[in-house]
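What follows is a short report on a single structure.
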Amino acid sequence: MNQREKNISHTIDVHTPSVARMYDWLLGGIENYASDREACQELLEIAPSTQVLARNNRAFLQRVVRVLVEDYGIRQFLDHGSGLPTQDNVHQIAQRSDPGCRVVYVDNDPIVLAHGRTTLEENDRTAILNEDMRNTAAIFDSEPVRRLIDPNEPMAALFVSVLHCLRDTDDEMDPAAVIRRVAERLPAGSYMVICQLVSDDPAVRDGVTHLMEVATGGTWGRVREQREVRAYFGDMRVLEPGLVDVLDWRPDTPVLPPEQRAVDWVEWGGVAQL
Ligand SMILES: C[S@@+](CC[C@H](N)C(=O)[O-])C[C@H]1O[C@@H](n2cnc3c(N)ncnc32)[C@H](O)[C@@H]1O
């Protein structure tokens, strides 16, 4: 552990892998620890194309934000499970198209707050909230959301690569209930962006779910099937091209080489208008 890691380890549990830090490693970042890297290596044994998948997911997030600003006129974003800052975060993409865009990031991992304060609160139109994405009322009634999000103007609620972190429960804390609650709070004309890990292969679904369950001390959710993600959209109007492997959501390169496609599992979802 180097000095920087030692300083942070006073406040962060570096021995239990964290989803945010594992994702950071998969994307080639440096804000991760031995426990995260070991868990990623185990993950790669079950699903070798996971790094490709992570990169495809991040590229989808960036495309979606740009398209929502430039083609759909959206100027405010609520990013649930924003992750550690990396290059081209949501506000940087959005504000490149229109500097007036406002973004509130929400994540419950303390390391995201520790590292995110300077990068994600870069100007007076961005803020980061350390909150569980299931706490819809606390999020919508928070100071940053009341300050930055106009409740009378359409916005985009992002749930990109986060719903698989939530368990299936019957207490209004599962993905379907969270999406329903957020949809009720969104102004008319708003957009919902949802994708999560899915696999057609039961061995990948069960293997990864078990691995992440053990690695995170029982705080992870589940790799799901496409039909389950489709159900989260309810009767919202899904935009073209529909619900797809996010690599195929309005790609900005015409021909994709085969090595860019994850094969074991994919991030699957799309964008809908309420
Ligand atoms: C795989 S990363 C996705 C990051 C980003 N959305 C993206 O697609 O690039 C998942 C993030 O969700 C966060 N997360 C997991 N469960 C959460 C919860 N219950 N509330 C808020 N954030 C959560 C993790 O801390 C992590 O940063």
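If you read the sequence shown in the working numbering, its first letter stands for residue 10, the second for the next number, and so on.
No residue lacks a Cβ here, since even glycine has one placed at the ideal position from N, Cα and C.
None of these values were measured; they are calculated from a predicted model.
Cα-Cα separation, residue i to residue j
i, j, result
"A147", "P267", "43 Å"
"G109", "E234", "38 Å"
"V232", "D215", "8 Å"
"G279", "F86", "16 Å"
"Y200", "T135", "19 Å"
"R239", "S170", "15 Å"
"C204", "D244", "16 Å"
"A281", "P250", "11 Å"
"V223", "D209", "22 Å"
"P57", "D273", "7 Å"
"D80", "T20", "42 Å"
"G82", "V74", "11 Å"
"H100", "R156", "16 Å"
"N132", "Q104", "10 Å"
Own chain, CB closer than 7 Å to residue i, minus 5 neighbours either side, in chain order
i, result
"D183", "L175, R176 and D177"
"V76", "R259"
"D94", "Inspection of the sequence shows that residue 94 is occupied by Pro rather than by Asp. Counting only Cβ-Cβ distances below 7 Å, and skipping sequence neighbours, we find H124, G125, T128 and L129."
"Y32", "A63 and G92"
Other residues of its chain near residue i: CB distance less than 6 Å, five sequence neighbours each side excluded
i, result
"G230", "H173, C174, L175 and R176"
"R142", "Sequence check: residue 142 is Met here, not Arg. Correct list, in chain order: H89, G90 and V115."
"T218", "R231 and V232"
Cβ separation of residue i and residue j, assumed to be a contact under 8 Å, to the nearest whole Å
i, j, result
"A63", "V121", "Wrong, their Cβ atoms sit about 16 Å apart, outside the cutoff."
"R270", "L252", "Contact doesn't hold; Cβ gap of about 17 Å is too wide."
Neighbourhood of residue i by C-beta distance below 8 Å, restricted to the same chain and skipping five residues each side
i, result
"A8", "Nothing can be reported for residue 8: it is not among the residues displayed for the chain, which extend from 10 to 283."
"P153", "V113, A136, I137 and L138"
"P181", "Checking the displayed sequence, the identity of residue 181 turns out to be Glu instead of Pro. Result list for E181: R190, in chain order."
"T145", "V187, R190, V191 and R194"
- Cβ contact (3+ pairs, closer than 8 Å) linking the stretch 44-56 and the stretch 190-201: Result no; under three Cβ-Cβ pairs closer than 8 Å.
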